[in-house]
Amino acid sequence: MGAMSATRRWSRRKALSLVLVGLLVVSSSCALVARAEDEDYEEGGSGDGYVSPQKDSGDFAGDLADAIEQQEFREEADKEVVSHIVEVAPEADLANGDGDVSTTQNCTVDIDVFCSDVTPGKGRLAKCLQQQVNEEKVGNSEGRSVSESCKYELKSFQYDRATNINLNIPYAQACKADIAEHCDDITEDDGEDATILIQNCLRRKKYQISQTCRKELTEVLLEQAKDYKMNLELFYSCNDDAERHCKGAYGDGGVQECLMKKRRKLEWECEEALLKNIADNSDDLRLLSYKIYKTCLPDKKKFCKEIELGNARTQACLESKLYEPGFSQDCRKELLFLQEQRTTQWQWDTELKNGCKKEIPELCGYSDDEMFFGDDEDGDLAEDEISLDDSTVVNCLVDYREEITNEQCKVQVEKKILGGSRNIRLNRRAFEACFEDQDRYCRQVKPGEGLVYDCLRKQEDNLSPECKRELFEEAKLESENVDWNPQIVKRCKRLMKAKCKDVSKGEGRVLDCLTSNMNAPEATQQCKQQLHNYLVVHMKDYRLDYGLSHACKTDVSRLCEGDGVKCQADSELACQGEVYNCLISNITSVTSQCKAQVKEAVSLHALNVRYDPLLFADCKEDITELCLMEFGSSATEQYAVHDCLFRNVDLLSKKCKRQEFKLEAVKLRDVELMPHIKKDCASEMASYCKDVPHGNGQKWSCISHYAMAKPFSPDCLRSMYLHMKRIALSKGVEPEMATGCKHELKDCFKRNKASPDPTFSPAKCLVFGSAGTPGQNFTKTSALCQKQVARYAREGFYFYSAESELLRTCNADVTAHCEAYRVSEDDAYASPGGDDLDDGEGRAGFEYAPGSVLRCLAEKGEDSLSSDCAQLVRVGLIGDTVNNDPTAPIKMKEKEKDAGPAAGGNARDTANKQRVVVKQEVDGGIVITGTLAVLCIGAFVVVLLGLAFFLYRRYYGPAGLRAGAGRNPYTLVMKQGDV
């Protein structure tokens, strides 16, 4: 205002003067009529009852005391009293000589009725009458009311006093020293603008000035909050706009409220003054908006009774209780409007402004001019200019929140994010980007509790690119903190308390805890549905998984930033699972920290097809055609669709089959990634494999080992059967077999590539060799590989499935000889639904009783089996080496000898050709064959010969123990004297 031109100041003073003159004319009309009737009154002259006032620059205190005494006796002051308490402000003639409402004019009767015990002077009568008017407004007054003529006089007095600090004696006296100390840049040259400049200065130094000055300043500001005409700066700038747009506005603070809502229609000068006024008063709700303060006063008394006004404490308290039960709708509406306005004007947010004083220039690059942080030596905010619609600071702080170390600033930024997650109107970027989409698709949805975001996401395919981008940014924020997911917080309180109460918030930890326990008994159906909705959105892109995106940051840049992956770290829209698939394919190459996060992602992919966007996209048509009944939009679907797709694997499209097989290959590494096993075999794993570490298939090897010897529940055995069937159908390789047969498998794949076989499977190649090289079979593999292949064959026979490419060799023999072991509907191992393939809940029923097929085929013997099946049975029998098995190991029935020499020769030839390893080593013995066996036998013979020779020399040699009884081979020689 110091730069205001002389013309503008003159026009503003003239406007205010016209208003004051009009009010004074009305308020003094009654007094003028009375004086005209006085017999001593003469126009243009003076009589005995009239004293013409004269200015006297004598003692101010004495003159003021005289005027007060005269007013107390209902007499006019006999002279004008000049006030110049604050020297930098212009001197001024006190109203009625005592700086108060006159006791001899329109308010005489009202003063006698309402303020008879109040001493006139220094605005005391004006304060008393104003309190009475306020009481009448709220209906707390009975009987006589303040007369209209007195109200006019009171208002004109207040308007006139607002023009100069020297007319407000208590204000000027209380703040004189503080003005001299803190506002030394204001001089007499500022003239009429001095009062405005002084007020702005004291307001900036509010918490440095004396308590008495602060009290008087607050009284002045409170009057301005109720009536904009007492705020000279606002009145000068906005009077025309107020007359044009807010003529019907009423109530304390009503015009300011109206101007704020019509701000887009205001003249630039008025809008600037209005925004500055709000920013200046942002730390006190009474001054910020007296209307909101009155509306929320009951809620303040109820929820924030102990909170003192000032320093934005009341706003902070009320906003923290906004969604508490019993909070009034009217106050909530007003506070939400206030919050919405603050999203465009960070200067209005006192807590953010002060808490992030250093971070705003450091992180957001705002210069002093852009931020309006003055060059004050005290570092105070000098907001002489206000930037309109400036939401960039808040957005900047949100974007760089991880670089903020100041806890006070961090708390304020998190409050902004929390508000925006609940109400899209408080997320300025999303609100503006999605405004048209929200109006088109979600007009009926009330903002709050994140409901608008949920509505917009249901229309994702129809949204504008700008809206999609901002929804993606909001989803990134949601993955960081459970509190920024209002619907999950609301629906999952019970689950959070039961399973995640000790998990610290932040970095997505509580959300990971909730999603990993979403099927726990404590999870309500509504909670499951909310978590399901969350995962459908956040599994589309690794950046929407806070834990994985941070743990795998270096792995993504190292492994997944090439031509094969279109989605990059700076992509604005969701990657649709590309990076997830890249990390899963390279799970053995990522860091241990990243691997743990990737395994969690795989477990979710296995749980529900909708959590794997690439698989869902590739299998959508297959699901529609084959698994529509199993597919659902709710969290109860779980893994039913995966099971359905595997049941129809031969009918799947090539791209869908590839995705399912890829997922199955990763799941083989850990039972934690196998939802059936994890759910149905929990007690078995706890009983038999508690100390076995996860990873590399070790847990699976353990439970499959004990499943063939210990009592397992039917549900667990059915899930294990389904798992083995999946391995067979996907032609997967168990991790332990992949490790033990690394070189052999490499050769198998190489040979199959050279001569493709449609029936190829890795296990089949290891047992029988490739189609073109049958000699490269089980007998040519290493001992370690033989052990793993035999174990896998044994498991395959135990959980027999005719669809296994390896076991297909024995299908005809099993059908011919083992029908007695086929599971019937009444069997405990049958599917509960009676379907041999599936029970309707993803659990398959056995075709044959567990463990029966291998025993059946072995008991039939080689004579009854095809040569390939007999060979496979022998391999399976090698795997029948379970420790502590209470039953005797299964043995193959030997071939019956033929009496004829030719037949005998053929039998011997066949036996020589099929002589694999048939010896059973119980209790975990080691089987050695071939050249290595010969060398071992030779080494053993050498050891025996060496031991015999040692014993002979020890007992019968020249120095042996037995030799002492015969001759002594040594001659004793004794030396004496000089000999």
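Read left to right, the sequence shown gives residues -36 to -1, 1 to 943 (mature numbering (1 follows the signal peptide of the UniProt record, and there is no 0)). In this text, a Cβ means the ideal position worked out from N, Cα and C, and glycines have one as well.
Boundaries (first-last residue) of the alpha helix (DSSP H) holding residue i
{"i": "V630", "result": "K618 to K631"}
{"i": "M684", "result": "P678 to S694"}
{"i": "R755", "result": "A747 to Y762"}
{"i": "E430", "result": "P429 to E442"}
{"i": "D81", "result": "That residue, D81, is in no alpha helix (DSSP H); it is neither H nor E in DSSP."}
{"i": "Q137", "result": "I133 to H146"}
{"i": "G825", "result": "Where G825 is concerned, there is no enclosing alpha helix (DSSP H), given that its DSSP letter is neither H nor E."}
{"i": "Q95", "result": "R88 to K101"}
DSSP-derived helix/strand/coil call for residue i
{"i": "V46", "result": "strand"}
{"i": "Q309", "result": "strand"}
{"i": "R38", "result": "coil"}
{"i": "D607", "result": "helix"}
{"i": "V(-12)", "result": "The predicted position of V(-12) is uncertain, since its pLDDT is 40 and thus under 50; a value taken from the coordinates is nonetheless stated next. The answer is helix: DSSP assigns V(-12) an H, G or I state."}
{"i": "R917", "result": "helix"}
{"i": "A397", "result": "helix"}
{"i": "D204", "result": "helix"}
{"i": "I291", "result": "In the sequence on display, residue 291 carries Phe and not Ile. Reduced to three states, the DSSP call for F291 is coil."}
{"i": "E366", "result": "helix"}
{"i": "L637", "result": "helix"}
{"i": "R507", "result": "helix"}
{"i": "P577", "result": "helix"}
{"i": "A213", "result": "coil"}
{"i": "K410", "result": "coil"}
{"i": "Q172", "result": "coil"}
{"i": "H781", "result": "helix"}
{"i": "K559", "result": "helix"}
{"i": "K744", "result": "helix"}
{"i": "S831", "result": "helix"}
Residue j beta carbon less than 8 Å from that of residue i
{"i": "K190", "j": "Y123", "result": "no"}
{"i": "G511", "j": "G470", "result": "no"}
{"i": "I242", "j": "L252", "result": "yes"}
{"i": "L327", "j": "C360", "result": "yes"}
{"i": "R421", "j": "L441", "result": "no"}
{"i": "T83", "j": "E36", "result": "yes"}
{"i": "L818", "j": "Y762", "result": "yes"}
{"i": "F742", "j": "V839", "result": "yes"}
{"i": "G843", "j": "A754", "result": "yes"}
{"i": "A41", "j": "D62", "result": "yes"}
{"i": "Q96", "j": "V110", "result": "yes"}
{"i": "S683", "j": "D644", "result": "yes"}
{"i": "Y116", "j": "V184", "result": "no"}
{"i": "Y192", "j": "Q220", "result": "yes"}
{"i": "Q623", "j": "C583", "result": "yes"}
{"i": "C620", "j": "V605", "result": "no"}
{"i": "L93", "j": "V65", "result": "yes"}
{"i": "L523", "j": "N550", "result": "yes"}
Beta-carbon proximity list for residue i, same chain, < 6 Å, skipping 5 on both sides
{"i": "F724", "result": "N716"}
{"i": "T176", "result": "A138"}
{"i": "N660", "result": "P699"}
{"i": "R125", "result": "L131 and N132"}
{"i": "N195", "result": "Q188"}
Sequence-distant residues of its chain with Cβ nearer than 8 Å to residue i (five each side left out)
{"i": "V906", "result": "none"}
{"i": "C653", "result": "K663, C666, I667 and Y670"}
Close beta carbons around residue i, own chain, < 7 Å, minus the five adjacent residues each side
{"i": "V362", "result": "V377, K380 and I381"}
{"i": "S(-8)", "result": "Its pLDDT being 43, under 50, S(-8) is placed unreliably in this model, and the coordinates cannot settle the point."}
{"i": "E304", "result": "R389 and L390"}
{"i": "S768", "result": "A692 and G760"}
{"i": "F580", "result": "V573 and R574"}
{"i": "D148", "result": "none"}
Which residues DSSP lists as bridging residue i, in chain order
{"i": "R786", "result": "Y812"}
{"i": "A56", "result": "S47"}
8 Å Cβ cutoff, residue i in contact with chain C
{"i": "C705", "result": "Protein chain content of the structure displayed is limited to a single chain, and chain C is not contained in it."}
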